[in-house]
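Our numbering puts the last residue of the sequence shown at 484; the count rises by one with no breaks.
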Amino acid sequence: LEDKIKKWIFFFYALDANRDGVLEPVDIEEILDRLVQSRKGLFSKGEEKHLRYITLKSFDRLLIEAGSGKTRRISILEWVRLINKNNEPDNESYFIRWFSAAAVRFLFDLFDHNRDGFIDFDEFETLYKILGLNRANIIFAFKELDINRDGKLSKGELYNAISDYFSSSNAAINGYVFGQFRNLDNQYVNKLFTVLL
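Written out as structure tokens, the structure reads:
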């Protein structure tokens, strides 16, 4: 279970753009700003406005599921409690399926720039850059995710990989999806577990 929770914590920190230990709309806004800045001229003002709207709407769905819809924020401790609760046998499969689908929608909303229903290598590289992920294993990750070897990632390929990533307590299962999560400070993770128990 500890490796599984570490994967979720790693994903939390990928979304926590300002690194303050709380996920809130300002983090999503910062990710969107990085995206727009990195791809100057790619989005018209209308497209940028629509992208902000659908991305923040996806984020709000996550907050509602986490029980933080009113405050529009979730702390790392609330996140770990949510994940711990949803890793109980009765809840696990629903939550992981729901969350994996929500994560894929969110990632495609952000990074499928040409709206062709696929993420190509350039778009995937942008994902790593914008989320501040370690880009050292990006080529390996893309090849592993591209199951049918057509040079692009479909929603199905990404959904299966993310679902396997979040549902497995084995660190090796799809650990490449968002880079190596082993960089997490084990003392910090252990403190979170102590607070939970």
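Note that beta-carbon positions come from the ideal geometry of N, C-alpha and C, so glycine has one too.
Membership of residue 439 in the beta strand (DSSP E) is indicated by the continuous run 439-441. Note that the segment 352-371 touches the segment 306-314; at least 3 beta-carbon pairs, one per stretch, sit closer than 8 Å. Under the three-state reduction of DSSP, residue 330 is assigned to coil, being neither helix nor strand.
By the C-beta density criterion, residue 304 is buried, having at least 16 other C-beta atoms within 10 angstroms. Between the beta-carbon of residue 413 and that of residue 339 there is about 17 Å, and that puts the pair past the 8 Å contact cut.
Sequence-distant partners of residue 450 (beyond 5 residues in either direction) whose C-beta falls short of 7 Å from its own C-beta, in its chain, are 383, 384, 387.
Taking the Cα positions, residue 319 is about 29 Å away from residue 455. For residue 370, the CB contacts under 7 Å within the same chain, skipping 5 residues up- and downstream, are 292, 295 in chain order.
For residue 391, DSSP records no beta bridge to any residue.
Under the three-state reduction of DSSP, residue 349 is assigned to helix.
For residue 373, the closest of 464, 453, 423 by C-alpha to C-alpha distance is 453. Residue burial annotation: residue 315 is buried, with at least 16 other C-beta atoms found within 10 angstroms of its C-beta. Between residue 438 and residue 403, the gap from beta carbon to beta carbon reaches 8 Å or more.
If you compare the alpha carbons of 434, 415, 433 with that of residue 425, the shortest gap goes to 415. Each residue's CA atom was taken as its position, placing residue 341 and residue 381 some 23 Å apart. Between residue 434 and residue 322, the C-beta spacing is not below 8 Å.
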